[in-house]
Amino acid sequence: MLKAIFVDYTGTIIKNDGQDVRKLLKRCYENSDIESPQIMLTYWWNLIKEFEEKSYGDTFLSEDEIVEEILKHCVKQIHLKDNLDELHELCRRFWIHAPAFEDAKEFFSKCRLPIYIITNISTIYVEEGMKEKDLHPANIISSDMAKAHKPHRQLFEKALEISKCRADEVIHIGDSLTSDVKGASLCGIKALFLDRNNQKPIENVDTIHSLLEALKWIEQL
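Residue numbers for the sequence shown follow the working numbering, beginning at 1397 and rising by one.
Next comes the structure, spelled out in structure tokens:
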């Protein structure tokens, strides 16, 4: 029987968009050697994933520290010339103020089970974002608590510890096949892949297209 729901934050509850992240990427593109805003987005995202993958245990870096390293990398590798403190602040603002998806409020209000947010973003920013959007998770489990980012299993193990649930008593919902589906599966947690863009069906992956669709799975399980 299900006792709790684990949910990703960025890309699942809040959009990977907003005026702050657009300003950040625009300034990085305009003040560096990158050829286009789209290439800048891909470049930034790949660096985030690269740093998160190798950051755990004794080598752990918080998302704030990762952003600092990425900005230094951009200065050296693509000759970024801008105010790094201002760029970092835009990133912090994105974590807090990025708009929520339209189905998030209804999902929180209708879900009968406690919702735990599992995120690579530091708790202080997610707490502020949730207060601003009037959403009320049972708890927020961030990479800072586990000294590991998704998809490392330590973060999901920490979430099980805090929720006091076994792996077969929760499901995890997220928009990333690598971070969410793979990460949860490493701990034996059933994962629902949130595909808001209607991609091709993926074999052996349970897929939903909105958070509200997840409610049907929750009722069945």
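We put the beta carbon where it would ideally sit given N, CA and C, even for glycine.
Leu1617: buried (16+ other C-beta within 10 angstroms of its C-beta) or exposed? exposed
Have a look at Asp1564, Cys1424, Leu1611, Phe1402 and flag the residue whose alpha-carbon is nearest the alpha-carbon of Leu1483. Cys1424
For the beta strand (DSSP E) containing His1568, name the first residue and the last one. 1566-1570
Taking only the alpha-carbon atoms, compute the straight-line gap between Arg1489 and Glu1446 and give it to the nearest angstrom. 22 Å
Among Ile1514, Arg1562, Glu1498, whose alpha-carbon lies nearest the alpha-carbon of Gly1579? Ile1514
Once you ignore the five residues that flank Leu1620 on each side, which residues in its own chain have a CB closer than 6 Å to its CB? Look at the range of the chain in this structure, 1397 to 1617, and you will see that residue 1620 is not part of it.
Does the region 1601-1617 come close enough to the region 1532-1551 that 3 or more CB-CB pairs lie under 8 Å? no
How long is the line joining the alpha carbons of Ser1505 and Ser1428, rounded to whole angstroms? 44 Å
Cβ-based burial, Gly1453 [other Cβ within 10 Å; buried from 16]: exposed
Which residues in the same chain have their Cβ closer than 8 Å to the Cβ of Leu1495, if we skip the five residues on either side of it in sequence? Leu is not the amino acid found at residue 1495; the sequence shown has Pro there. So the qualifying residues of the chain are Ile1410, Lys1411, Asp1413, Gly1414.
Inter-residue spacing [alpha-carbon to alpha-carbon] between His1609 and Cys1487: Correcting the residue identity first, residue 1609 is Glu in this sequence and not His. Cα to Cα, Glu1609 sits roughly 30 Å from Cys1487.
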